[in-house]
Amino acid sequence: MKIAIDPYMFRGLPITEMVRTVADLGYEYIELSPRAEFMPFFQHPRADDARVAELRGALRETGVKLSSILPLYAWSSPIEQERRDAVRYWKRMIEVAVELDVNLMNSEFNGRPERAAESEGAFWRSMEELLPIFEREGIALNLEAHPDDFCEVNEPAVDLVRAINRPWVNYLYCAPHTFHLSGEDPGVDVRRMMEYAGDKLQHVHIADSFNHKGSSGLRYILNPPGTPARIHQHLDIGQGEVDWDEFFGALRDLDFDGVATVCVFAWEERARESSEFMLKRVTQELAS
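In structure tokens:
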């Protein structure tokens, strides 16, 4: 098992300083998420040979490794030009992953929930183009459902991953999305959702969140009424309402041996303290 950190709260640091900071915090692995000068959100990667070499050098110097790379591109956009652009960006980031000796990438389904069927069609067209490249380069892919994607709920997301029908394409359960992953059901059973993924559960994102469905849906009041906006948090464990006993218990019962990524984003003003706390807690839970 690999315990990694998504260093998004440290994105303001130069990339070499970010890696050194992660090493100083005690993490052995980084899940590289979007950075403006390297891999921006929804745009062509900026990483050239020099920046790739700079990152490789920092990793070599510190002994920190990349567990995975997390690009976010509109590969399920129902707008065909956006989809084609996203596939182009993916192809370049796969090249970068190969240059960095990374054999795992993960991402979101993307697309639009109000155009779910069209978005799924776009997703499959992108898969047809990209799966042969992933396979040729020996790079595995983990996919997560995200609030406001065309697929937002746990069971349909797992089924979609299974439908890809590749042993190296698996599911990522994102704990701070728990209360969206459970769909319209006011009840939330973390263990059931994780067990539904079963052997396809190869990656988890770890951060806490509040149950937006609590108090009869009045935990958060959004105006105007009926707005389709989604809300969730990425907090330290214990600051929200995810059932961590069930979450970590399910991982242990499933003999989880994938990547566990700390992905707290809420506390940039105390990023070091948050990251240290999360590493200690996750290590304790997964070692027991």
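For the sequence shown, my numbering assigns the number 1349 to the initial residue and increments by one for each residue that follows. We put the beta carbon where it would ideally sit given N, CA and C, even for glycine.
Checklist entry - Using 8 Å as the threshold, is the segment 1455-1471 in touch with the segment 1397-1404, meaning 3 or more CB pairs across them? => result no
Checklist entry - What residues match up with residue 1378 in a beta bridge as DSSP calls it? => result Answer is 1353 and 1414.
Checklist entry - Between the C-alpha atoms of residue 1455 and residue 1374, what's the straight-line distance to the nearest angstrom? => result 25 Å
Checklist entry - Over what stretch of residues does the beta strand (DSSP E) that includes residue 1455 continue unbroken? => result For residue 1455, the uninterrupted beta strand (DSSP E) run begins and ends at 1452-1456, by DSSP.
Next on the checklist: Determine whether the beta carbon atoms of residue 1418 and residue 1458 lie at a separation below 9 Å.
Outcome noted: no
Checklist entry - Tell me the DSSP bridge mates of residue 1554? => result For residue 1554, the beta-bridge partners assigned by DSSP are 1610.
Checklist entry - Pick from 1557, 1446 and 1509: whose alpha carbon is nearest that of residue 1414? => result 1446
Checklist entry - Is the beta carbon of residue 1519 less than 9 Å from the beta carbon of residue 1506? => result yes
Checklist entry - Using the beta-carbon count (16 or more within 10 Å), is residue 1557 buried or exposed? => result buried
Checklist entry - Is the distance from the Cβ of residue 1637 to the Cβ of residue 1629 below 9 Å? => result Past the edges of the chain, shown from 1349 to 1636, lies residue 1637, and the structure says nothing about it.
Item to check | Cβ neighbours of residue 1509 in the same chain (closer than 7 Å, five flanking residues each side left out) | outcome: 1491, 1517, 1518, 1519 and 1548
Checklist entry - Between residue 1609 and residue 1352, which are expected to be in contact by the criterion C-beta below 8 Å, what is the C-beta distance as a whole number of angstroms? => result 5 Å
Checklist entry - Is residue 1438 closer than 9 Å to residue 1380 when the C-beta atoms are compared? => result no
Item to check | Backbone CA spacing between residue 1545 and residue 1599 [nearest angstrom] | outcome: So the alpha carbons of these two residues sit roughly 11 Å apart.
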